[in-house]
Amino acid sequence: MRADAMSPAPSWRTLLVLGRVSNLPTVWSNCLAGWVLAGGGASPRFVLLCAVGACLYLGGVYLNDAFDADFDRQRRRERPIPSGQIAEKLVWQLGWLWLVLGVAGGAFLGSSAAVQAALLAGTTVLYNALHKRTPLAVILMGACRFQLYLLAALASGGPPGHALWCGLALGLYVAGLSALARRESLPGPIHWWPLLTFAAPLLLAVLMNGTAPDGPNYRERAFYLGLLLVIWILPALRFVVGREPRPPGVAVANLLAGIVLVDLLATAGEPWYVLPAFLLFFVSALLLQRSIPAT
């Protein structure tokens, strides 16, 4: 009989670890960025959007452990399933349940948003099925975050516009991040090419932002916010490209929190309320990482 068949009822901590809840603030940060970039304002629909995004994210990470159960039994026995903290069957059930709830919730955000929520769920499942088979699966992970931006824009009722381009830049950032995260559990050297993808949000900020007549100097804002992002990610990348690099888990956790800074850069700090909101998401991600592993 397999050990997980006799697993006791999982603890709350086990469920939180499975859900990588320290990354949930970055999901809500993506929702906020996509929402305001499409012109969305104060609305109860935004709260529903955040709930939908959380359900889709939790479904994805639960299924990630379910798909990887055999791999983890061989190489990551500390994970909840191989360590006997939760039964594999239950993880499958909870993962599908979260996805169903996310797609169902998307139906209340409009027909376009509902379709996008279903597409995001499908991309999530496809990533989980393929990510241990091909390094190109990191593109699918980037596509998940891109589609979350698009979902937020569609839910706001406004034209996607800048949300599309900013979502694409974030997708490239996340694809590079995912490529680094793969090295946590796979043998071999850390490739340098994913590091180039972290420049995508900075390049887009330069191209997209200008000086509005009789209005804010968005280019100047983008410069300072971009500098903040660079100051945050460079120390994380130093551990990757140094002569004696540390395990990439340290860098990956910091880069995951950096997603919030990418979102802040995308909005150029406009409207005014996004700055304290993004600060809250950023600090929350860092604090949660202290008790719940980000990967």
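Each residue of the sequence shown is one higher than the last, beginning at 117 in our numbering. Ideal Cβ placement from N, Cα and C applies to all residues, glycine included.
* To do: Verify whether the separation of the beta carbon atoms of Gly292 and Thr313 is less than 9 Å.
  => Position 176 of the sequence shown, counted from the first residue, corresponds to residue 292. Position 197 of the sequence shown, counted from the first residue, corresponds to residue 313. In contact: Gly292 and Thr313 (Cβ atoms closer than 9 Å).
* Asked: Considering only residues of the same chain and omitting the five flanking positions on each side of Ala230, which have a CB-CB separation below 7 Å?
  -> Counting from one through the sequence shown, the residue named residue 230 turns up at place 114. So the qualifying residues of the chain are Gly222 and Ala223.
* Asked: Between Ser199 and Arg193, is the Cβ-Cβ spacing less than 9 Å?
  -> Locating residue 199 in the sequence shown gives position 83, where the first residue counts as 1. Locating residue 193 in the sequence shown gives position 77, where the first residue counts as 1. In this structure, Arg193 lies closer than 9 Å to Ser199 by Cβ.
* **Whole-angstrom distance between Ala185 and Leu286, CA atom to CA atom** => As a working mapping, residue 286 is identified with position 170 in the sequence shown. As a working mapping, residue 185 is identified with position 69 in the sequence shown. Approximately 29 Å, taken between the alpha carbons.
* Please specify which runs of the beta strand (DSSP E), each continuous and at least 3 residues long, are wholly inside the stretch 199–228, giving them in chain order. => none
* Boundaries of the alpha helix (DSSP H) in which Tyr389 is found, first to last residue -> Residue mapping note: residue 389 aligns to position 273 of the sequence shown, counting from 1. No alpha helix (DSSP H) contains Tyr389, which DSSP labels as neither H nor E.
* Buried versus exposed, by CB contacts within 10 Å (16 or more), Trp151 -> Translated into positions along the sequence shown, residue 151 becomes position 35. Under this definition Trp151 is a buried residue.
* To do: Kindly indicate the opening and closing residues of the alpha helix (DSSP H) around Gly258.
  => Counting from 1 along the sequence shown, the entry for residue 258 is found at position 142. Looking at the DSSP string, the run of the alpha helix (DSSP H) that includes Gly258 is Val254 to Ser272.
* Top-ranked residue by Cα proximity to Arg337, from Leu288, Gly218, Pro387 and Leu372 -> The sequence position of residue 337 within the sequence shown is 221, counting from 1. It is Pro387.
* To do: Would you kindly check if the distance between the Cβ of Leu134 and the Cβ of Val177 is under 9 Å?
  => As a first step, residue 177 is located in the sequence shown; it is residue number 61 there, counting from the start. As a first step, residue 134 is located in the sequence shown; it is residue number 18 there, counting from the start. Yes, the pair counts as a contact, with Cβ atoms nearer than the cut-off.
* Since Gly226 and Leu270 are thought to touch, with beta carbons under 8 Å apart, how far apart are those beta carbons, to the nearest angstrom? -> Taking the first residue of the sequence shown as 1, we reach residue 226 at position 110. Taking the first residue of the sequence shown as 1, we reach residue 270 at position 154. Contact holds; Cβ gap of about 7 Å.
* Asked: Skipping 5 residues on each side, what residues in its chain have a beta carbon closer than 7 Å to that of Pro310?
  -> Locating residue 310 in the sequence shown gives position 194, where the first residue counts as 1. Correct list, in chain order: Gly292, Ala295 and Leu296.
* To do: Specify the secondary structure class of Asn325 as computed by DSSP and reduced to three states.
  => What you label residue 325 is simply residue 209 of the sequence shown in a count that begins at 1. Three-state result, Asn325: coil.
* To do: Would you tell me roughly how many angstroms separate the C-alpha atoms of Asp330 and Val390, rounded to the nearest one?
  => The residue you call residue 330 lines up with position 214 of the sequence shown. The residue you call residue 390 lines up with position 274 of the sequence shown. Interpretation of Asp330 is limited by its pLDDT of 49, a score under 50 that renders its predicted location unreliable; no figure is taken from the coordinates.
* Asked: Could you check where the alpha helix (DSSP H) with Thr313 kicks off and where it finishes?
  -> Within the sequence shown, residue 313 is the residue found at index 197, counting from 1. Note, Thr313: premise wrong, no alpha helix (DSSP H); not H, not E.
* To do: Would you identify the three-state DSSP class for Thr240, choosing helix, strand or coil?
  => In the sequence shown, counting from the first residue as 1, residue 240 sits at position 124. Three-state result, Thr240: helix.
* Segments of 4+ residues assigned as alpha helix (DSSP H) that fall wholly inside the stretch 118–206 -> 128–134, 140–153, 160–183 and 185–191
* Let me know the secondary structure DSSP gives Ala410 once reduced to three states. => Here the question's residue 410 lines up with position 294 in the sequence shown. Correct three-state label for Ala410: coil.
* Ala384 versus Leu320: straight-line alpha-carbon distance, rounded -> Sequence index remark: in the sequence shown, residue 384 carries index 268 (1-based). Sequence index remark: in the sequence shown, residue 320 carries index 204 (1-based). Taking the straight line from one Cα to the other gives about 12 Å.
* To do: Mind the definition here: the stretch 132–146 touches the stretch 400–410 only if three or more C-beta pairs lie below 8 Å; say whether that holds.
  => yes
* Whole angstroms is fine: what's the gap from Tyr340's alpha carbon to Leu252's? => Your numbering for residue 340 matches position 224 in the sequence shown. Your numbering for residue 252 matches position 136 in the sequence shown. Distance between the alpha carbons of Tyr340 and Leu252 is about 33 Å.
* Three-way DSSP call (helix, strand, coil) for His278 in this model -> Walking along the sequence shown from the start, residue 278 turns up at place 162. Here His278 sits in helix by DSSP.
* By how many angstroms is the C-alpha of Ile197 removed from the C-alpha of Leu395? -> The sequence position of residue 395 within the sequence shown is 279, counting from 1. The sequence position of residue 197 within the sequence shown is 81, counting from 1. Taking the straight line joining both Cα atoms gives about 34 Å.
* Contact set for Val429: own chain, Cβ-Cβ below 6 Å, skip 5 residues either direction -> Residue 429 is absent from the model: the chain starts at 117 and stops at 411.
* Taking buried to mean at least 16 other C-beta atoms within 10 Å of its own C-beta, is Gln201 buried or exposed? -> Numbered from its first residue, the sequence shown carries residue 201 at position 85. Buried.
* To do: Tell me whether the beta-carbon of Asp181 lies closer than 9 Å to the beta-carbon of Val207.
  => By 1-based counting over the sequence shown, the position of residue 181 is 65. By 1-based counting over the sequence shown, the position of residue 207 is 91. A contact, by the Cβ cut-off of 9 Å.
* **Rounded Cβ spacing between Leu413 and Cys282 (contact assumed at less than 8 Å)** => Here the chain has residues from 117 to 411 only, and residue 413 is not among them.
* Asked: Straight-line CA distance for Ser400 to Pro392?
  -> Numbered from 1 along the sequence shown, position 284 holds the residue referred to as residue 400. Numbered from 1 along the sequence shown, position 276 holds the residue referred to as residue 392. About 12 Å.
* Asked: On the three-state DSSP scale, how would you describe Thr383?
  -> Counted from its first residue, the sequence shown places residue 383 at position 267. Correct three-state label for Thr383: helix.
* Asked: When the Cα of Gln232 is compared with those of Tyr334, Ala352, Gly155 and Pro276, which residue comes out closest?
  -> Taking the sequence shown and counting its residues from 1, one reaches residue 232 at position 116. The shortest Cα separation from Gln232 among Tyr334, Ala352, Gly155 and Pro276 belongs to Pro276.
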